[in-house]
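Trainee: Before I ask anything, let me first share the structure, which is written out below as structure tokens.
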Amino acid sequence: MTRKPWLAVVAAAALLPWAAPPAQAADGPALTVDPSASRHAISPYVYGMNFAAEDLAEELRLPVRRWGGNATTRYNYLYDETNRGSDWYFENVPGPAPDPAKLPDGSETDQFTDQDRRTGTGTLLTVPLIGWTPKGRDYTCGFGIAKYGPQQGADTQWRPDCGNGVKPDGSNVTGNDPADTSVPAGPKYITDWLSHLTGKYGRADGGGVRFYDLDNEPDLWHATHRDVHPDGAGYDEMRRQTYAIASAVKAADPGAQTLGPVGWGFQSLSLSGLDKQTCDREGGDCWSDPPDRAAHGGVPFADWYLRQMKAYEQEHGTRILDYFDEHIYPQQAGVSSGDPGDAATQELRLRSTRQLWDPSYTDESWIGQPINYIPRMRELVNQNYPGTKLAITEYNWGALGHLNGALAQADVLGIFGREGLDLATLWAPPGTSDPGAYAFRMYRDYDGAGASFGETSVRASSADQGRLAVYAAERSSDRALTLMIVNKSLTDDLTSTVSIAGRSGPAAGHVYRYGGADQAAIVRAPDVAVGADGFTSTFPASSITLVEIPAGGPGTPACEAGYAVQSQWGTGFTAQVTVANTGTSPIEGWTLGFAFAAGQRVTQGWNAAWSQNGPDVTARDLDWNRTIRPGGSVTIGFNGSSGGTNPPPSAFKVNGAACTAR
Numbered sequence: 283m284t285r286k287p288w289l290a291v292v293a294a295a296a297l298l299p300w301a302a303p304p305a306q307a308a309d310g311p312a313l314t315v316d317p318s319a320s321r322h323a324i325s326p327y328v329y330g331m332n333f334a335a336e337d338l339a340e341e342l343r344l345p346v347r348r349w350g351g352n353a354t355t356r357y358n359y360l361y362d363e364t365n366r367g368s369d370w371y372f373e374n375v376p377g378p379a380p381d382p383a384k385l386p387d388g389s390e391t392d393q394f395t396d397q398d399r400r401t402g403t404g405t406l407l408t409v410p411l412i413g414w415t416p417k418g419r420d421y422t423c424g425f426g427i428a429k430y431g432p433q434q435g436a437d438t439q440w441r442p443d444c445g446n447g448v449k450p451d452g453s454n455v456t457g458n459d460p461a462d463t464s465v466p467a468g469p470k471y472i473t474d475w476l477s478h479l480t481g482k483y484g485r486a487d488g489g490g491v492r493f494y495d496l497d498n499e500p501d502l503w504h505a506t507h508r509d510v511h512p513d514g515a516g517y518d519e520m521r522r523q524t525y526a527i528a529s530a531v532k533a534a535d536p537g538a539q540t541l542g543p544v545g546w547g548f549q550s551l552s553l554s555g556l557d558k559q560t561c562d563r564e565g566g567d568c569w570s571d572p573p574d575r576a577a578h579g580g581v582p583f584a585d586w587y588l589r590q591m592k593a594y595e596q597e598h599g600t601r602i603l604d605y606f607d608e609h610i611y612p613q614q615a616g617v618s619s620g621d622p623g624d625a626a627t628q629e630l631r632l633r634s635t636r637q638l639w640d641p642s643y644t645d646e647s648w649i650g651q652p653i654n655y656i657p658r659m660r661e662l663v664n665q666n667y668p669g670t671k672l673a674i675t676e677y678n679w680g681a682l683g684h685l686n687g688a689l690a691q692a693d694v695l696g697i698f699g700r701e702g703l704d705l706a707t708l709w710a711p712p713g714t715s716d717p718g719a720y721a722f723r724m725y726r727d728y729d730g731a732g733a734s735f736g737e738t739s740v741r742a743s744s745a746d747q748g749r750l751a752v753y754a755a756e757r758s759s760d761r762a763l764t765l766m767i768v769n770k771s772l773t774d775d776l777t778s779t780v781s782i783a784g785r786s787g788p789a790a791g792h793v794y795r796y797g798g799a800d801q802a803a804i805v806r807a808p809d810v811a812v813g814a815d816g817f818t819s820t821f822p823a824s825s826i827t828l829v830e831i832p833a834g835g836p837g838t839p840a841c842e843a844g845y846a847v848q849s850q851w852g853t854g855f856t857a858q859v860t861v862a863n864t865g866t867s868p869i870e871g872w873t874l875g876f877a878f879a880a881g882q883r884v885t886q887g888w889n890a891a892w893s894q895n896g897p898d899v900t901a902r903d904l905d906w907n908r909t910i911r912p913g914g915s916v917t918i919g920f921n922g923s924s925g926g927t928n929p930p931p932s933a934f935k936v937n938g939a940a941c942t943a944r
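Heads up, the sequence shown is in this note's numbering, so the first residue is 283 and it goes up one at a time.
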């Protein structure tokens, strides 16, 4: 396999890990890893995105992609039509259907699902709870100026009659007719839409649409969709609409997974949309005793909502909520901006990820209290509806076009895995060449040949997680230990010891790094020598480092490797390698490694995922040949090029263990 253009190799002797660290390196915090402790699965769905482009989704083997946002609250699949709400003058806007006469076939959501099927990605669509959907394929709008009078803003570029719904005196236009743009949409609309989707793609358990968000940020409807929903969504409305729509989803596709209430942020845990609207208007004591909450026994909204979902299952025997889904955007000034900001803002961005997990961190915004977001969400579920999974289907820590944003994104993905989040989709994903995309590559494709961070989280801690963050996992395919280390210091290289419990011998740790030295590549840096106690290494300022440590000790595979050149011509040749399991236990997942001695190159391979860095060649199993049973073998092959001489490799390793050559 040809190395990806963004993967670079560093072979300079001056960078060898045992050389003296550069003079400017500072003593870094100690890192500690224990592969036997705190083990739990990392859900692949935490590496999801909203609206990711196909090339990036394919490269990352994107596990889930969400079709969401304000416009999806009012979408009519029959006309391929959204209403943009307050995002764009409350206008109905036709979608990209290539042949409207064939609708609903070819709609935006059909095209979205088609892309996901091409890339093997799970689809997450949004279904409406708001009760309205666009009335046709047109350009009507909620606050026409001719009908409702002069307004402070209008779509002067495209549709000058479409106003922003704000009168010249600053008050909102009220009493408008929702039928100007929309028609009612209830359970039958959901039944019909899912009938179309399951008829075209099959049911969720047969490869169809897997996930459905129960609308989008309903606690903001009174602002984002006030032309049809001017009053905040209260406790009772949310229960009524969720029961009706979620049960319709489950009836139409029992294997589909539902996510709700899809609130906009931290306030969504305690306030209904009605209370937020009321207290935003009244202020003062309203925040301490909001009226909608008071009318429901003083129970915060999220607790109450989860209890209602549990009550439905107890009464009807059907779970209609699978994921407790809330959004989060950092509220600290400048953090979620696309601009990285000054040094103080960049430091704040990297510090603010603590709100996701750290109960000792007081949020440095108007919130002014510890958020502890993921553990708080888990506690809400455990107390009110055990068994419900956790999702964050919108988040963005900003500056994805800059290295600082990539560092924050890598830190966030590590937190998601360590904290046991079940699903997450980044809002406004990066472009393929943006630094933010490299943060995902470090977890999903760090070597350009599909190597990924492990699927089982293990204990990893830093003496100062704010300076040097560490996350660790074990990979099931080859039992390799993978460490993700993020140096959050903007200026200081940090030299730290990395202690690893339970090791029984030395190994070469493979190092991959993304940072300021080359923002267009993941660098394959020199190996680190890992001893029985771990290793010491220098981590450059503002960098992300992946250390891959092959499995060793008990359970190491016993193997035999045979190498044969089958044909040779000019400077080209074809060779095959047979790996036999000579042990008594199956090899569950394998990575073969060997080195050429005369400058040969792998140009094309089969029956494995091939990659090469300098003389070192790696071949990883595919899904269908990942298990080698005792006494069994697997044969793989490749075409290569040579400079005239073509000696065979002298040594082979499987999962880091030496194989007998034959």
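All C-beta atoms in this analysis are idealised placements derived from N, C-alpha and C, irrespective of residue type, glycine included. Please read all numbers here as calculations on a predicted model, not as lab measurements.
Throw me the rounded Cβ distance for the D774 and A823 pair, which I believe falls under 8 Å.
Mentor: One-based indexing of the sequence shown puts residue 774 at position 492. One-based indexing of the sequence shown puts residue 823 at position 541. Right, their Cβ atoms sit about 5 Å apart.
Trainee: Where R492 and A486 are concerned, what is the direct C-alpha to C-alpha distance, given to the nearest angstrom?
Mentor: For the purposes of this step, residue 492 is taken as the residue at position 210 of the sequence shown. For the purposes of this step, residue 486 is taken as the residue at position 204 of the sequence shown. Taking the straight line from one Cα to the other gives about 5 Å.
Trainee: Taking the beta carbon of G926 as the centre, do at least 16 other beta carbons fall within 10 Å, making it buried, or is it exposed?
Mentor: Here residue 926 refers to the residue found at position 644 when the sequence shown is read from its first residue. Exposed is the call here.
Trainee: Give, in chain order, every unbroken run of the alpha helix (DSSP H) that is at least 4 residues long and sits entirely within the segment 386 to 447.
Mentor: If we require 4 residues or more, the alpha helix (DSSP H) runs fully inside the segment 386 to 447 come out as 390 to 401 and 427 to 430.
Trainee: On the premise that S389 lies in contact with D362, defined as a C-beta separation below 8 Å, what is that separation, rounded to the nearest angstrom?
Mentor: In the sequence shown, counting from the first residue as 1, residue 362 sits at position 80. In the sequence shown, counting from the first residue as 1, residue 389 sits at position 107. That pair is a contact at about 4 Å.
Trainee: Output the distance between the C-alpha atoms of M591 and A533, rounded to the nearest integer angstrom.
Mentor: One-based indexing of the sequence shown puts residue 591 at position 309. One-based indexing of the sequence shown puts residue 533 at position 251. So the alpha carbons of these two residues sit roughly 16 Å apart.
Trainee: Using a Cβ-Cβ distance cut-off of 8 Å, determine whether F394 contacts chain D.
Mentor: In summary, chain D is missing from the structure at hand, where a single protein chain is found.
Trainee: For a quick check, are the C-beta atoms of A783 and D497 less than 8 Å apart?
Mentor: Within the sequence shown, residue 783 is the residue found at index 501, counting from 1. Within the sequence shown, residue 497 is the residue found at index 215, counting from 1. It is not a contact, given that the beta carbons lie outside the stated cut-off.
Trainee: For the segment 323 to 338 and the segment 366 to 379, state whether three or more C-beta atom pairs, one from each stretch, are separated by less than 8 Å.
Mentor: Touching, no.
Trainee: Would a C-beta distance cut-off of 8 Å place L828 and Y720 closer than the cut-off?
Mentor: Against the sequence shown, residue 828 aligns to sequence position 546. Against the sequence shown, residue 720 aligns to sequence position 438. Result no, Cβ atoms of L828 and Y720 do not sit closer than 8 Å.
Trainee: Check each candidate in G797, G555 and A538 and name the one with the smallest Cα separation from R521.
Mentor: By one-based count along the sequence shown, residue 521 stands at place 239. Comparing Cα-Cα distances from R521 to each of G797, G555 and A538, the minimum goes to G555.
Trainee: Give the straight-line distance between the Cα atoms of G431 and V510, rounded to the nearest whole angstrom.
Mentor: The residue given as residue 431 occupies position 149 in the sequence shown. The residue given as residue 510 occupies position 228 in the sequence shown. Computed Cα separation, rounded: 18 Å.
Trainee: Taking the alpha-carbon positions, what's the I826 to R400 distance?
Mentor: Here residue 826 corresponds to residue number 544 of the sequence shown, with the count starting at 1. Here residue 400 corresponds to residue number 118 of the sequence shown, with the count starting at 1. Going by the C-alpha atoms only, they are around 30 Å apart.
Trainee: Keeping to the same chain, check which residues put their C-beta closer than 8 Å to that of W503; ignore five residues upstream and five downstream.
Mentor: Taking the first residue of the sequence shown as 1, we reach residue 503 at position 221. If we look at W503 and ignore the five residues flanking it on each side, its Cβ neighbours are T355, I412, H511, G514, A515 and G555.
Trainee: By DSSP, does G736 sit in helix, in strand, or in coil?
Mentor: Along the sequence shown, one-based indexing puts residue 736 at 454. Reduced to three states, the DSSP call for G736 is coil.
Trainee: Consult DSSP for W851 and reduce its assignment to one of helix, strand or coil.
Mentor: As a first step, residue 851 must be located in the sequence shown, where it is residue number 569. W851 falls in the strand class under three-state DSSP.
Trainee: Considering C568, what are the terminal residues of the beta strand (DSSP E) in which it resides?
Mentor: For the purposes of this step, residue 568 is taken as the residue at position 286 of the sequence shown. Unbroken run through C568: none, as it is neither H nor E.
Trainee: Quick one: residues in its chain with C-beta nearer than 6 Å to the C-beta of V847, no 5 flanking neighbours on either side, listed in chain order?
Mentor: In the sequence shown, counting from the first residue as 1, residue 847 sits at position 565. Counting only Cβ-Cβ distances below 6 Å, and skipping sequence neighbours, we find F855 and A857.
Trainee: With DSSP collapsed to three states, give me the class of G875.
Mentor: In the sequence shown, counting from the first residue as 1, residue 875 sits at position 593. Strand, per DSSP.
Trainee: Short of 7 Å in beta carbon distance, which residues of its chain neighbour T456, apart from the five on each side in sequence? Order them along the chain.
Mentor: Indexing the sequence shown from 1 puts residue 456 at position 174. Closer than 7 Å at the Cβ level, and outside the excluded window around T456, lie P512.
Trainee: Classify N664: buried if its beta carbon has 16 or more other beta carbons within 10 angstroms, exposed otherwise.
Mentor: Within the sequence shown, the letter at position 382 stands for residue 664. By the 10 Å Cβ count, N664 comes out exposed.
Trainee: Cα separation between K384 and G702?
Mentor: What you label residue 384 is simply residue 102 of the sequence shown in a count that begins at 1. What you label residue 702 is simply residue 420 of the sequence shown in a count that begins at 1. Rounded to the nearest angstrom, the two C-alpha atoms are 43 Å apart.
Trainee: Whose CA, out of Q393, Y371, G367 and W370, lies closest to the CA of A379?
Mentor: To locate residue 379, count along the sequence shown from 1; it is residue 97. For the residues Q393, Y371, G367 and W370, the minimum Cα distance to A379 belongs to Q393.
Trainee: Give me, in chain order, the residues of the same chain whose beta-carbon lies closer than 6 Å to that of Y587; leave out the 5 immediate sequence neighbours on both sides.
Mentor: Walking along the sequence shown from the start, residue 587 turns up at place 305. Taken in chain order, the residues that qualify are P543.
Trainee: What do you get for W300, buried or exposed, if any count of 16 or more other CB atoms within 10 angstroms of its CB means buried?
Mentor: Within the sequence shown, residue 300 is the residue found at index 18, counting from 1. With a pLDDT of 36 at W300, under the threshold of 50, the modelled position of this residue cannot be trusted; read the value that follows with caution. W300 should be labelled exposed.
Trainee: For the alpha helix (DSSP H) that K592 lies in, which residues bound it at each end?
Mentor: Residue numbering aside, residue 592 sits at position 310 when the sequence shown is read from its first letter. From DSSP, the alpha helix (DSSP H) with K592 extends over F583 to H598.
Trainee: Which first and last residues belong to the alpha helix (DSSP H) in which P808 is found?
Mentor: Locating residue 808 in the sequence shown gives position 526, counting from the first residue. No alpha helix (DSSP H) holds P808; the beta strand (DSSP E) holding it covers D800 to V812.
Trainee: So, are the CB atoms of Q894 and N928 less than 8 Å apart?
Mentor: If you number the sequence shown from 1, residue 894 lands on position 612. If you number the sequence shown from 1, residue 928 lands on position 646. No. Outside cutoff.
Trainee: Skipping 5 residues on each side, what residues in its chain have a beta carbon closer than 6 Å to that of R741?
Mentor: The count along the sequence shown starts at 1 and reaches residue 741 at position 459. So the list reads D316, A319 and S320, once near-sequence residues are dropped.
Trainee: Between D309 and the rest of its own chain, which residues show a CB-CB distance below 7 Å, the 5 nearest in sequence each way excluded?
Mentor: As a first step, residue 309 is located in the sequence shown; it is residue number 27 there, counting from the start. The residues are T777.
Trainee: Is the beta carbon of H507 less than 8 Å from the beta carbon of G367?
Mentor: Within the sequence shown, the letter at position 225 stands for residue 507. Within the sequence shown, the letter at position 85 stands for residue 367. In this structure, G367 lies closer than 8 Å to H507 by Cβ.
Trainee: Identify which residue in R441, F735, A530 and Q747 has its Cα closest to the Cα of E756.
Mentor: Start at 1 with the first residue of the sequence shown, and residue 756 comes out as number 474. Looking at the Cα atoms, F735 is the closest of the given residues.
Trainee: Please return the same chain residues whose Cβ sits closer than 6 Å to the Cβ of P868, not counting the five positions on each side in sequence.
Mentor: Along the sequence shown, one-based indexing puts residue 868 at 586. So the qualifying residues of the chain are T909 and R911.
Trainee: Just curious, the alpha helix (DSSP H) that Y753 is in, first and last residue?
Mentor: Position 471 of the sequence shown, counted from the start, is the residue given in the question as residue 753. Counting along the chain, Y753 falls outside any alpha helix (DSSP H), though it belongs to the beta strand (DSSP E) covering L750 to E756.
Trainee: Out of D624, S529 and S552, point me to the one whose CA is closest to G599's CA.
Mentor: What you label residue 599 is simply residue 317 of the sequence shown in a count that begins at 1. The option with the nearest alpha carbon to G599 is S529.
Trainee: If you measure between the beta carbons of G887 and A877, is that distance less than 8 Å?
Mentor: Here residue 887 refers to the residue found at position 605 of the sequence shown. Here residue 877 refers to the residue found at position 595 of the sequence shown. Contact flag unset, no.
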